[in-house]
Amino acid sequence: KIVREVSKLRPEMCSEQNSILRTPLHVAVEKRAGLSVIRHLLEMYPAAATMADIDLKTPLMVACEQLGESGDFIRSCIIEDLVRAKPETILLEDKMGCCAIEHALQASAS
């Protein structure tokens, strides 16, 4: 509820990046925010799904890295929402040359 209220007061914050170029969407995915928070941030600023951090990781890659941990159903819903918002992010590669699918495979194998 706090994210929703703050983003309504200051919608531009949804597009801001921190010192390692992560958007609120990156942080929400990394910190395992609820599905409603992720969906709200995507609704407020869909382009955040394509934005890369300092390691060239998109929010989709961050979500894929978390597969295999508890809460897989929620992770898969988040991944589905991110792909639906910006399908082109599936093919993007990070600094290591890995795409989202490779991050998912690595996470599932560990």
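In short: position in the sequence shown from 1, add 12, done, that's this note's numbering.
C-beta: ideal position from N, C-alpha, C; glycine also.
Keep in mind that this is a model prediction, so the values were computed, not measured.
Item checked: alpha helix (DSSP H) segment containing E92, residue limits -> Segment D84 to A97, the alpha helix (DSSP H) holding E92.
Check: Within 10 angstroms of its Cβ, does V74 collect 16 or more other Cβ (buried), or is it exposed?
Finding: Around the beta carbon of V74, 16 or more other beta carbons lie within 10 angstroms, which makes this residue buried.
Item checked: CB of R16 within 7 Å of CB of H52, strictly -> Cβ distance < 7 Å, so R16 and H52 count as in contact.
Checklist line | Where the alpha helix (DSSP H) containing R51 begins and where it ends | finding: Residues L47 to M56.
Item checked: Cβ pair I86, L47 closer than 7 Å -> L47 sits close to I86, with the two beta carbons spaced by under 7 Å.
Checklist line | Where A61 falls: helix, strand or coil (DSSP) | finding: In this structure, A61 counts as helix in the three-state DSSP scheme.
Margin query: Less than 7 Å between the beta carbons of L115 and C89, yes or no?
Written below: Note that residue 115 corresponds to His in the displayed sequence, not to Leu. Here H115 is not near C89, since their CB atoms are 7 Å or more apart.
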